[in-house]
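Sequence order for the protein chains is A and B. Residue 407 in the numbering used here sits at position 28 of the first sequence, and the numbers go up by one each step. Residue 541 in the numbering used here sits at position 162 of the second sequence, and the numbers go up by one each step. Each remark here refers to the structure printed beneath this line.
Number of protein chains: 2
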Amino acid sequence: MTTEKLPTEVRKEQIVEAALAILGDQEIKKLKMTDVARHMGLAPSALYRHFRNRDAMLSAVLEHIRARLYSNLEQVRQQTDNCVDRLKEMLFRHGRLISRQQGIPRIVFSDELWGQKRERRQRMYRIITGYLAEIEDIVREGQERGQIRTDIDAHVVAGMFLGIVQPAALLYHMGEGRFDVDGHIGGCWVVLREMIVMK
Amino acid sequence: MTTEKLPTEVRKEQIVEAALAILGDQEIKKLKMTDVARHMGLAPSALYRHFRNRDAMLSAVLEHIRARLYSNLEQVRQQTDNCVDRLKEMLFRHGRLISRQQGIPRIVFSDELWGQKRERRQRMYRIITGYLAEIEDIVREGQERGQIRTDIDAHVVAGMFLGIVQPAALLYHMGEGRFDVDGHIGGCWVVLREMIVMK
DNA sequence: GCTTAATGTGAAAATAAATTCACATAGGGA
DNA sequence: TCCCTATGTGAATTTATTTTCACATTAAGC
Numbered sequence: 380m381t382t383e384k385l386p387t388e389v390r391k392e393q394i395v396e397a398a399l400a401i402l403g404d405q406e407i408k409k410l411k412m413t414d415v416a417r418h419m420g421l422a423p424s425a426l427y428r429h430f431r432n433r434d435a436m437l438s439a440v441l442e443h444i445r446a447r448l449y450s451n452l453e454q455v456r457q458q459t460d461n462c463v464d465r466l467k468e469m470l471f472r473h474g475r476l477i478s479r480q481q482g483i484p485r486i487v488f489s490d491e492l493w494g495q496k497r498e499r500r501q502r503m504y505r506i507i508t509g510y511l512a513e514i515e516d517i518v519r520e521g522q523e524r525g526q527i528r529t530d531i532d533a534h535v536v537a538g539m540f541l542g543i544v545q546p547a548a549l550l551y552h553m554g555e556g557r558f559d560v561d562g563h564i565g566g567c568w569v570v571l572r573e574m575i576v577m578k
Numbered sequence: 380m381t382t383e384k385l386p387t388e389v390r391k392e393q394i395v396e397a398a399l400a401i402l403g404d405q406e407i408k409k410l411k412m413t414d415v416a417r418h419m420g421l422a423p424s425a426l427y428r429h430f431r432n433r434d435a436m437l438s439a440v441l442e443h444i445r446a447r448l449y450s451n452l453e454q455v456r457q458q459t460d461n462c463v464d465r466l467k468e469m470l471f472r473h474g475r476l477i478s479r480q481q482g483i484p485r486i487v488f489s490d491e492l493w494g495q496k497r498e499r500r501q502r503m504y505r506i507i508t509g510y511l512a513e514i515e516d517i518v519r520e521g522q523e524r525g526q527i528r529t530d531i532d533a534h535v536v537a538g539m540f541l542g543i544v545q546p547a548a549l550l551y552h553m554g555e556g557r558f559d560v561d562g563h564i565g566g567c568w569v570v571l572r573e574m575i576v577m578k
């Protein structure tokens, strides 16, 4: 087989995307080098030109996810100025990530990625807690601007955000797409909004 | 090495417990036959006298978990009659399961166990949704007895239960025990209680 | 056009884990 | 007591996957 040759930068990106595509797909399986390679029409050994080993590849996948989550955050900040709307938007975007994007949310609770290597597990932990801290910031800003009740702890709100979004991902994947993510998130948002908006 | 000989019934139980102990332990790793065997001072091949293969063993582990969760439910039902108290008790028991028991909550979101085999994934899905249905029942009963607000959907409350408990498990395991499960659950309970009790 | 470094390949080796198998033995029941 | 079977063992064997390696090829710069 003769395959086009591309610079590493591009290939690295492609490999990460292939990995994500595989993880996001129907079947829940271990991410195999062979699969990733096949998905891109390369020999498995080609992957080693771009990543030292499987581990390095997984780390790159993780980094990609981190970037995605944070860019989402950035976009929402620019999209609207109202903190309640920002929260809502983040919630629904996350929902879309679960049901329509590639395997990002699945990875968040996957042994596969953070399970084995301690260092990676810690990185994942920091990604999630960092993300939650950002949500917390949105809430706090909303409180300062009088859009959100001040007698409710911003940290608790961030916890509820995770509490809405994470079980949805779990049930969606375990239920093989049967679980109604949008419905769940929509319903939860009504309750959450009710609870936090200034009356 | 000369090891005592025990009847299968006993051994099966021991094997499942060894598996759970390993999963619950510090290091998050793939459940290997070798590890389970070593944990009990047996040769790996001995395990095959009791389970056809690794898969059958994992299924037994899953069944054990199911039984544990449901017995918890049963105990709480007998312990108190007040539905709000029952909910609280379930929440805190689950918290203890996360931070102090063997690896049950970790398994709930583990690719390792429900990831590969479709049939097992579906079973896990049914276990969780069934458990939530029971929580929902507690809520509904509380509503009928006038202990819980009726203008709030029992299903939503069950969803929040999962939303409190599951992220706690995730963060506890990823954070290597650093995450304060009791604090999280305690805090959430205050909010939840506030939201659902009849005023 | 040539050179060469980066990228790709297939086959083989390394690693890892599950599983099988021939043999050993404990211990409950005739 | 002796037998028979369930349980246990260690040493292969199988299966799955990652990783290495010697060699091929492309494309970018000279």
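Every residue gets a Cβ at the ideal spot worked out from N, C-alpha and C, and that includes glycine. Computed from a predicted model, the values in this text were never measured in an experiment.
Here the alpha carbons of GLU388(B) and GLU520(B) stand approximately 38 angstroms from one another.
The Cβ atoms of ILE564(B) and GLY474(B) lie closer than 7 angstroms to each other. For GLY554(B), same chain residues with a beta-carbon under 6 angstroms away, outside a window of 5 residues either side, do not exist. Under the three-state reduction of DSSP output, ILE527(A) falls in the strand class. In terms of CA proximity to LEU541(B), LYS467(B) leads the group LYS467(B), ASP460(B) and TYR427(B). In this structure VAL487(A) touches ALA548(A) by the C-beta definition: roughly 7 angstroms separates them, less than 8 angstroms.
The closest CA to that of ARG472(B), considering only TRP568(B), ALA435(B), ILE527(B) and ASP516(B), is found on TRP568(B). A direct Cα-to-Cα measurement between ILE527(A) and ILE575(A) gives close to 6 angstroms. Inter-residue distance for GLU453(A) and GLY525(A) is about 22 angstroms (C-alpha atoms, whole angstroms).
THR459(B) and ASP516(B) have their C-alpha atoms spaced approximately 15 angstroms apart. For ASN451(B), the uninterrupted alpha helix (DSSP H) segment begins and ends at 433-458. When DSSP reads this structure, VAL569(B) sits in no beta bridge, so it has no partner. Here LEU470(B) is actually not in contact with HIS443(B); their C-beta atoms are around 22 angstroms apart, not less than 8 angstroms. For chain B, the residues of the stretch 543-557 of chain A that bring a beta carbon within less than 8 angstroms of one of its beta carbons are ILE543, GLN545, PRO546, LEU549, LEU550, MET553, GLY554 and GLU555, in chain order. Nearest Cα to ILE514(B) within the set ARG499(B), THR529(B) and HIS534(B): HIS534(B).
Cβ-Cβ distances below 7 angstroms link ALA416(A) to ALA422, PRO423, ALA425 and LEU426 in the same chain, with the five nearest sequence neighbours on each side left out; the list follows chain order.
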